[in-house]
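Numbering (our numbering), first residue to last: 1 to 292.
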């Protein structure tokens, strides 16, 4: 099932990447993320001045004898970070957008788990019969995660604000977080991303865009149905209507981008049909992943 998302060659190339965290975070278990702390366990880095309450076991008595300075040793430990990956599975994502979103989510989860980080994974809206947030702690669990990404159907209305509120209530330690969505509801997207940031996550919006959403056949009479609400609209497709739809489509993406920029939330466009590696290069430039 995982082969439907990522080929063996894809997986080998992904092994050269690592997820990026703008902060030094103390993790839950040993991994490949470096964090500095007082005490043993890791590579010695430097000293800092002793402050009342420091463990006397880590005082460098050699320095004290030679210089009279009371200092404690600091070490660079290698810890794991918990990465939150959230995928929009609302009905508006059905088709090409869902495949792009889930393929990218699989790639990021693979990078994190192979680097011995941990992944907290969630669908919004939540999938029936599955936990709101599913923890994955080692690369051996990639198969079940890929299976979920390949088989859980798209359904329900886009409501990122309430969906992310449920995710936050169930999520664990704060760290990098990526939300992969078409952001069909810009207002809900803003509220949801705001909650991620307010709860201490380093949020990045991976905005899945399909130009076909704004592509209408000029001169035809269409009956269009909203996938999420079921609302039906009859249209006579004129050149003016096509242009208006395209302008609205571009403006929606620009609103999400501008809103994220104002709040220093990462934003990466993920256009349907682009190579996964081109998208990951954009993620590299945005600091979501780094080369290793």
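Glycine included, every Cβ here is placed at the ideal spot set by N, Cα and C.
In the DSSP assignment, the beta strand (DSSP E) including residue 204 goes from what residue to what residue? Position 204 of the chain shown, counting from 1, holds the residue named residue 204. Residue 204 -> beta strand (DSSP E) spans 202-209.
Using three-state DSSP, classify residue 32 as helix, strand or coil. As a first step, residue 32 is located in the chain shown; it is residue number 32 there, counting from the start. Any reading at residue 32 needs caution, since the residue's pLDDT is 47, under 50, leaving its predicted position unreliable; the model's value is listed next. Strand at residue 32.
Per-residue burial, residue 179 [other beta carbons within 10 Å of its own, 16 or more giving buried]: Numbered from 1 along the chain shown, position 179 holds the residue referred to as residue 179. Of the residues assessed, residue 179 falls on the buried side of the cut-off, its CB having 16 or more other CB atoms within 10 angstroms.
From the DSSP output, which residues share a beta bridge with residue 224? Here residue 224 refers to the residue found at position 224 when the chain shown is read from its first residue. DSSP output for residue 224 lists 233 as bridge partner(s).
Tell me, to the nearest whole angstrom, how far the beta carbon of residue 88 is from that of residue 158; I am working on the premise that it is less than 8 Å. Taking the first residue of the chain shown as 1, we reach residue 88 at position 88. Taking the first residue of the chain shown as 1, we reach residue 158 at position 158. That pair is a contact at about 7 Å.
Along the chain, which unbroken stretches of the beta strand (DSSP E) at least 3 residues long are found entirely within the segment 112-187? Runs of beta strand (DSSP E) with 3 or more residues, each lying fully within the segment 112-187, are found at 118-124, 134-136, 176-181, listed in chain order.
If we call anything under 8 Å between Cβ atoms a contact, is residue 256 one with residue 183? Residue 256 sits at position 256 when you count from the first residue of the chain shown. Residue 183 sits at position 183 when you count from the first residue of the chain shown. It is a contact, given that the beta carbons lie within the stated cut-off.
Whose C-alpha, out of 129, 54, 9, 193, is nearest the C-alpha of residue 205? Walking along the chain shown from the start, residue 205 turns up at place 205. Minimum Cα distance to residue 205 is reached at 193.
Go ahead and label residue 219 buried or exposed: buried means 16 or more other beta carbons lie within 10 angstroms of its beta carbon, across all protein chains shown. Position 219 of the chain shown, counted from the first residue, corresponds to residue 219. It counts as exposed.
What residue range is occupied by the uninterrupted beta strand (DSSP E) comprising residue 82? In the chain shown, counting from the first residue as 1, residue 82 sits at position 82. Residues 82-88.
Spatial distance of residue 202 from residue 61 (CA atoms): Working through the chain shown from its first residue, we reach residue 202 at position 202. Working through the chain shown from its first residue, we reach residue 61 at position 61. Looking at the two C-alpha atoms, the distance is approximately 39 Å.
According to DSSP, simplified to helix, strand and coil, what is residue 100? What you label residue 100 is simply residue 100 of the chain shown in a count that begins at 1. The answer is helix: DSSP assigns residue 100 an H, G or I state.
Relative to the alpha-carbon of residue 197, which residue among 144, 264, 136 has its alpha-carbon at the smallest distance? Within the chain shown, numbered from 1, the residue matching residue 197 stands at position 197. When C-alpha distances from residue 197 are compared across 144, 264, 136, the shortest belongs to 264.
If you follow the alpha helix (DSSP H) that residue 8 is in, where does it begin and where does it stop? In the chain shown, residue 8 corresponds to position 8, counting from 1. Run containing residue 8: 8-14, per the alpha helix (DSSP H) assignment.
Helix, strand or coil, according to DSSP, for residue 215 in the structure here? Within the chain shown, residue 215 is the residue found at index 215, counting from 1. The answer is coil: DSSP assigns residue 215 none of H, G, I, E or B.
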